[in-house]
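Asks: Residue numbers (my numbering), protein chains in the order written: chain A, 37 to 350; chain B, 1477 to 1752; chain C, 8 to 351; chain D, 823 to 1187.
1) Can you tell me whether residue 1632/B is helix, strand or coil according to DSSP?
2) Can you tell me whether residue 104/A is buried or exposed? The criterion is at least 16 other CB atoms within 10 Å of its CB, across all chains shown.
3) Less than 9 Å between the beta carbons of residue 96/C and residue 271/C, yes or no?
4) Evaluate residue 890/D with the Cβ neighbour count: other Cβ atoms within 10 Å of its Cβ, from every protein chain shown; 16 or more gives buried, anything less gives exposed.
5) My understanding is that residue 221/A touches residue 1494/B, with C-beta atoms under 8 Å, so please give their C-beta distance in whole angstroms.
6) So which of 280/C, 89/C, 251/C, 225/C has the shortest CA-CA distance to residue 148/C?
7) For a quick check, are the C-beta atoms of residue 173/C and residue 255/C less than 9 Å apart?
8) Between the Cα of residue 1193/D and those of 1101/D, 982/D, 1121/D, 869/D, spot the shortest distance and give me the residue it belongs to.
9) Please state whether DSSP places residue 1114/D in a helix, a strand or coil.
10) Under 9 Å between the Cβ atoms of residue 1690/B and residue 303/A?
11) Could you confirm whether any beta carbon from chain C is found closer than 9 Å to the beta carbon of residue 1496/B?
12) Could you work out which residues of chain B lie near residue 144/C, taking near to mean beta carbons separated by less than 7 Å?
13) Find out if the Cβ-Cβ distance for the pair residue 161/A, residue 256/A is shorter than 9 Å.
14) Determine, using beta carbons only, whether residue 113/C and residue 54/C come nearer to each other than 9 Å.
15) Would a C-beta distance cut-off of 9 Å place residue 1087/D and residue 1108/D closer than the cut-off?
16) What does the Cβ neighbour count give for residue 264/C, buried or exposed, with the cut at 16 atoms within 10 Å?
17) At a CB distance below 9 Å, what residues from the region 262 to 289 of chain C approach chain A? Give them in sequence order.
18) Is there a Cβ from chain B that is less than 9 Å from the Cβ of residue 245/A?
19) Check whether the Cβ atoms of residue 865/D and residue 839/D lie closer than 9 Å to each other.
20) Less than 8 Å between the CB atoms is what I'm expecting for residue 77/C and residue 272/A, so what's the real figure, rounded?
21) Under 7 Å between beta-carbons, which chain A residues line up against residue 88/C? List them in chain order, please.
22) Measure the C-alpha to C-alpha separation of residue 328/A and residue 240/C and round it to an integer number of angstroms.
23) Are there 16 or more other CB atoms within 10 angstroms of the CB of residue 1076/D, so buried, or fewer, so exposed?
24) Just checking my contact of residue 260/A with residue 227/A at CB under 8 Å: how many whole Å lie between their CB atoms?
25) When DSSP builds the beta bridges, which residues end up paired with residue 1032/D?
26) For the alpha helix (DSSP H) holding residue 41/C, just list the boundary residues, first then last.
27) Decide yes or no for the touch test of the region 155 to 173 of chain A against the region 1716 to 1724 of chain B: beta carbon pairs closer than 8 Å, at least 3 of them.
28) So, is the C-beta of residue 346/C closer than 9 Å to a C-beta in chain B?
29) Rounded to whole angstroms, what is the Cα-Cα separation between residue 1005/D and residue 825/D?
30) Determine, using beta-carbon pairs with one atom in the region 1551 to 1558 of chain B and one in the region 1624 to 1634 of chain B, whether at least three such pairs fall under 8 Å.
31) Just the Cα atoms here: how many angstroms apart are residue 1733/B and residue 318/C?
32) Just to make sure I have the definition right: I need the residues of chain C whose C-beta is within less than 9 Å of the C-beta of residue 1719/B. Which are they?
33) Pull the bridge partners of residue 79/C from the DSSP assignment, please.
34) On the three-pair Cβ rule with 8 Å, is the region 942 to 959 of chain D touching the region 909 to 923 of chain D?
35) Would residue 43/C pass as an interface residue toward chain A - the criterion being a Cβ-Cβ separation below 9 Å?
36) For the structure I just gave you, are there three or more beta carbon pairs, one from the region 1669 to 1688 of chain B and one from the region 1638 to 1646 of chain B, closer than 8 Å?
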């Protein structure tokens, strides 16, 4: 709220704040540099990708997307996402609840552990899974005896994707739940609500935005993951998630098809951003209406907000 | 003590949620990690160091470090500028620019790699201008830095931006009333306030760049001693059927990850204290 | 309000879990037989056609549907995947050494696998040729041209790519077979070539992409089949194939992974599939993909002309794969030494 | 007896929040727990509610031992300081929450909510969300929500803390009225002594985990048991004096100190209203300069400085001030009509109340 106001009240070119503002020229030079940078660095890649994807006309584009292997890879990616997202949502909710509602020893360690996928190279994740589930790995003999496949099969890719994406929901929820405090939950308890009732009726409705953001980020990341699944994929056409299929098409000199399929992921990314922006604007409307400002003093927000949550400001 | 714990756990679900969290982390993280450590320990220190300290691997770590550092530093420069422009100025397209900053975060890295590889390649829209200047846009360290910059840009912008937003302009006005010019105000008043967030943003961008693999796979060309980054050494070992080598390097990278995570935590703690 | 919402969220969560479970269960259709062929990079198009032909024959005589799955990647990497659990029924890799390793490390196929099919289990061969830029501006005609200064050579990494090992050994063999050539001079020759290599992709396909799409390098060392494949598919990009005076016989062998195939109940099918590769029909397909067929007149029948070339075999220049691997490609071998010399 | 605490202590780790406290609250009483922050009053309230568990001691509500009864089944109404309204629910849903938990019939729920809305003046607001309400309305919703399941006791944590000064006054009167109407046992926590005095039947004063005094507002004001209470309730002048020859002295001021040993340090306290001021420098025994006058509405506070540099605060009505025609900087005389010897902080002994009429020792008129 205060943020918005601040922004509204301090447009760059109000005369009254001249003393603390750059000259118009400096402003426009800085804006210009930023615009050129964004244009060259962020816009041009997107434009060139769509150009490459559509270079051979919409017919070729459609046929690239509707060939059996592409459809299979889309199906495969969706399967992974459908398995990964609910699991990570459950994990995020449980972790956020445990970390924001209780004090216990080892809490800091647990928090660090949740951040681990941000610092670790996804390729290392793949190697870990091979070390555990590969037939020469720890569980290998047992898996082989029971004819179970984990790496180089769907479960391995799901696990790899889970590893890479599990912090997103938790990371969105933790600051939110911390800032909201536990008073409404205590109030529900005094009114006789059980634990589950508190969660469903009081906690969940008040964190729905953060949860949604987390889910969106998780979905986007799960669908776009490359490094970890690169290591554990069986490279069978039709059993590759979309990013690997792009890599495969590119290697097969099917450049424009690769770009066509890549553009699908780019649409997904842009869609994610648009959806997030839309949700944020809805959220902020409600916030502006005062629904989300805590009426009680903020209990604590000791956790600094990590940039991974990429808060898009208004 | 027992009483103490009991009373603190007024809200239900402690065992359930913590139990599930730990179970999940165990299955997903801890057990695979220990499997890897166990398998790594099988090779002994000699085997471990042989792979980890292989000259080619060392060259790759160096490139990873230097390129990530360079990318993060460049992002500090451009990211801070972007944050500044986005927060302080109103101009047409500001919201669009703001939204675009998140693109590298949302765009799968394989797509980023494919596109950047094409764009900076000798026939690409940018590459064709670089080639006459003798700059190879792809299969070069330049390309690696570009890709790392691309993937880590949002981290700096999104760390600096909120701090800049809550920054009280009165402070700047105070400096102005005391006769400080714009530049002096920026460097003496604004920058020191932003510094903790800039450093945090730098650390996050650096960590992100260090772990990046997808886009690099498309642009680096994996030239040993020149454009190979650390995760590629690992892939190389896997490709060469050297699982032990892959595990040794993976362990090493894991240790580095933990060190970086610890450092980031320290930096954030420090930054928070500084800000308070 | 919230009571309703809570219910919706709950239903949604359970629903998506259920959906996930459904997706996770792969449909097993008893009427459908499937076979997994784990192969190396440059055989994608070739096996695409082989599989179609084999399937056609299959459906003519069987009621069940046959589905052949292909997995492609660097040869060594594919071998490792099979060792680590990739359920291949047959492997068709770039070199015998990779299949040897599967046999040695897991025992899922016998060590003498190479004796089970004709021609040491090699239904078709290839050879290493050069691909140059349109008009051959650097005038690269034979092996010595590769060591000229200013010539950039593109080849994948022999440590990971089976194709690249043949490239390496072709260069080595050529130098060794020169008058006065011996192991030392040949090693030196290879080292000089690799000094001219700016990029080492991990697989043959990556190297082709680097050369054709990214326009890096003056000459690409590649298999004859891959060179033709690339030129016919790479849209709007052009190059020329130069056949050197001498080159190696590249032998990509095939094998049934007995244990997997038996487990899947497709052992006879897998054997049948590999034997099909030796039929005239398959040999003609191989010829059309510029793999040199073992069947003598298959090339002629397919209407494909292979330029004449003197081909030497691996056995002639360094014995068997065991020896070649130990001398050149193992950790600390000659290739590693060349690489560390490159260290700036 | 509605609520009874017997030797209740509460420790959080090494910190003792509440130390060995016993008291009872009668059926239908309105009791205020008063004290500075950190005094332990909120902890006591939360223990009654079941939001905290006592480390030691026993807690009874309507004769039943409650220590191990979970908060859900205690049947208490709790109003949080920040109200803790469910911001995703309407006023109706907020009030109905506890009834729905009890699985009451929708018709009964609607009737009960309507009844409470009427009682609390919330009619017409049922469809609104908390953010669409004023501070006072929010508080009434919070109270209605707490009252809906017909609790045995109503507990309020700083009920007036979050509203601005003007509404506060109304709310206080309204709370008293509501209590009269419903006659439900009510315990509330406040740090504002005025508020506690005005609203409660009885006050419990807490400091540093101890129950310092318990009594009617009048009792604690007029007969504070120790210096802490005396200082906390209202303004008090406190002087630290040394006894010599049966007289406690500080500068020109002296008080009889019978029964205190020679050389002992005594703390003497007197309320500003006990200080009589005259314009005539000789009317009373002590001389001083009127340093400053504070206008507090109908009352004025005068700050007097004696020649020894002691500052004494006095209180005077506007009428008297006007009658005396006082101005800052004037020389005045004053006398102290009532004073008391204060127990040291932490001591729980009742000091002897010394009311001296007309007062101060010696030759004074």
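The beta-carbon is built from N, C-alpha and C at its ideal position, and this holds for glycine as well.
Replies: With the structure as the only source:
1) Taking the second chain and counting its residues from 1, the one referred to as residue 1632/B is at position 156. Helix at residue 1632/B.
2) Your numbering for residue 104/A matches position 68 in the first chain. Residue environment for residue 104/A: exposed (fewer than 16 other C-beta atoms within 10 angstroms of its C-beta).
3) Locating residue 96/C in the third chain gives position 89, counting from the first residue. Locating residue 271/C in the third chain gives position 264, counting from the first residue. Yes; because the gap between Cβ atoms is below 9 Å, this pair is in contact.
4) The count along the fourth chain starts at 1 and reaches residue 890/D at position 68. If you draw a 10 Å sphere on the C-beta of residue 890/D, you find fewer than 16 other C-beta atoms in it, and that means exposed.
5) Counted from its first residue, the first chain places residue 221/A at position 185. Counted from its first residue, the second chain places residue 1494/B at position 18. With a beta-carbon spacing of about 17 Å, residue 221/A and residue 1494/B fall beyond the 8 Å limit used to define contacts.
6) Within the third chain, the letter at position 141 stands for residue 148/C. Taking the Cα of residue 148/C as reference, the smallest distance to any Cα among 280/C, 89/C, 251/C, 225/C is reached at 251/C.
7) If you number the third chain from 1, residue 173/C lands on position 166. If you number the third chain from 1, residue 255/C lands on position 248. Yes.
8) The displayed coordinates of chain D run from 823 to 1187. Any statement about residue 1193/D would go beyond what the structure contains.
9) The residue given as residue 1114/D occupies position 292 in the fourth chain. Looking at residue 1114/D - three-state DSSP - the assignment turns out to be strand.
10) The residue labelled residue 1690/B in the question sits at position 214 within the second chain. The residue labelled residue 303/A in the question sits at position 267 within the first chain. Not a contact, by the Cβ cut-off of 9 Å.
11) The residue given as residue 1496/B occupies position 20 in the second chain. For residue 1496/B, the answer is no, since every Cβ of chain C falls outside 9 Å of its Cβ.
12) Numbered from 1 along the third chain, position 137 holds the residue referred to as residue 144/C. Within chain B, no C-beta atom comes less than 7 Å from the C-beta of residue 144/C; the nearest is roughly 15 Å away.
13) For the purposes of this step, residue 161/A is taken as residue 125 along the first chain, with counting starting at 1. For the purposes of this step, residue 256/A is taken as residue 220 along the first chain, with counting starting at 1. Not closer than 9 Å, so no.
14) Taking the third chain and counting its residues from 1, the one referred to as residue 113/C is at position 106. Taking the third chain and counting its residues from 1, the one referred to as residue 54/C is at position 47. Going by C-beta atoms, residue 113/C is not nearer than 9 Å to residue 54/C.
15) Translated into positions along the fourth chain, residue 1087/D becomes position 265. Translated into positions along the fourth chain, residue 1108/D becomes position 286. No; because the gap between Cβ atoms is not below 9 Å, this pair is not in contact.
16) Taking the first residue of the third chain as 1, we reach residue 264/C at position 257. Its Cβ being crowded by 16 or more others within 10 Å, residue 264/C is buried.
17) Within the region 262 to 289 of chain C, the qualifying residues are 270.
18) Against the first chain, residue 245/A aligns to sequence position 209. Taking a beta-carbon distance threshold of 9 Å, residue 245/A does not count as an interface residue toward chain B.
19) Within the fourth chain, the letter at position 43 stands for residue 865/D. Within the fourth chain, the letter at position 17 stands for residue 839/D. Yes, the Cβ-Cβ distance between residue 865/D and residue 839/D is below 9 Å.
20) Your numbering for residue 77/C matches position 70 in the third chain. Your numbering for residue 272/A matches position 236 in the first chain. With a Cβ gap of about 7 Å, residue 77/C and residue 272/A count as contacting.
21) In the third chain, the residue the question calls residue 88/C occupies position 81. Neighbours of residue 88/C in chain A, taken as residues whose beta carbon is under 7 Å from its own, are 188, 270 in chain order.
22) Translated into the one-based positions of the first chain, residue 328/A becomes position 292. Translated into the one-based positions of the third chain, residue 240/C becomes position 233. Any reading at residue 328/A needs caution, since the residue's pLDDT is 43, under 50, leaving its predicted position unreliable; the model's value is listed next. Taking the straight line from one Cα to the other gives about 58 Å.
23) By 1-based counting over the fourth chain, the position of residue 1076/D is 254. Residue 1076/D counts as buried, since no fewer than 16 other beta carbons sit within 10 angstroms of its beta carbon.
24) Within the first chain, residue 260/A is the residue found at index 224, counting from 1. Within the first chain, residue 227/A is the residue found at index 191, counting from 1. Your pair residue 260/A and residue 227/A does not check out as a contact, with CB atoms roughly 44 Å apart and the cut at 8 Å.
25) In the fourth chain, the residue the question calls residue 1032/D occupies position 210. Beta-bridge analysis with DSSP links residue 1032/D to 1029/D.
26) In the third chain, counting from the first residue as 1, residue 41/C sits at position 34. Here residue 41/C belongs to no alpha helix (DSSP H); instead the beta strand (DSSP E) covers 39 to 47.
27) With a cut-off of 8 Å, the region 1716 to 1724 of chain B and the region 155 to 173 of chain A count as touching, because enough Cβ pairs lie within range.
28) In the third chain, the residue the question calls residue 346/C occupies position 339. Yes, residue 346/C counts as interfacial toward chain B.
29) What you label residue 1005/D is simply residue 183 of the fourth chain in a count that begins at 1. What you label residue 825/D is simply residue 3 of the fourth chain in a count that begins at 1. So the alpha carbons of these two residues sit roughly 15 Å apart.
30) Yes, they touch.
31) Your numbering for residue 1733/B matches position 257 in the second chain. Your numbering for residue 318/C matches position 311 in the third chain. Rounded to the nearest whole angstrom, the CA to CA distance from residue 1733/B to residue 318/C is 50 Å.
32) Sequence index remark: in the second chain, residue 1719/B carries index 243 (1-based). Near residue 1719/B (Cβ distances below 9 Å), the residues of chain C are 87, 90, 91.
33) Reading the third chain from its first residue, position 72 is the one you call residue 79/C. Beta-bridge partners assigned by DSSP to residue 79/C: 46/C.
34) Judged by Cβ distances under 8 Å, the region 942 to 959 of chain D makes contact with the region 909 to 923 of chain D, as three or more pairs qualify.
35) In the third chain, the residue the question calls residue 43/C occupies position 36. At a cut-off of 9 Å between beta-carbon atoms, residue 43/C makes contact with chain A.
36) Touching, yes.
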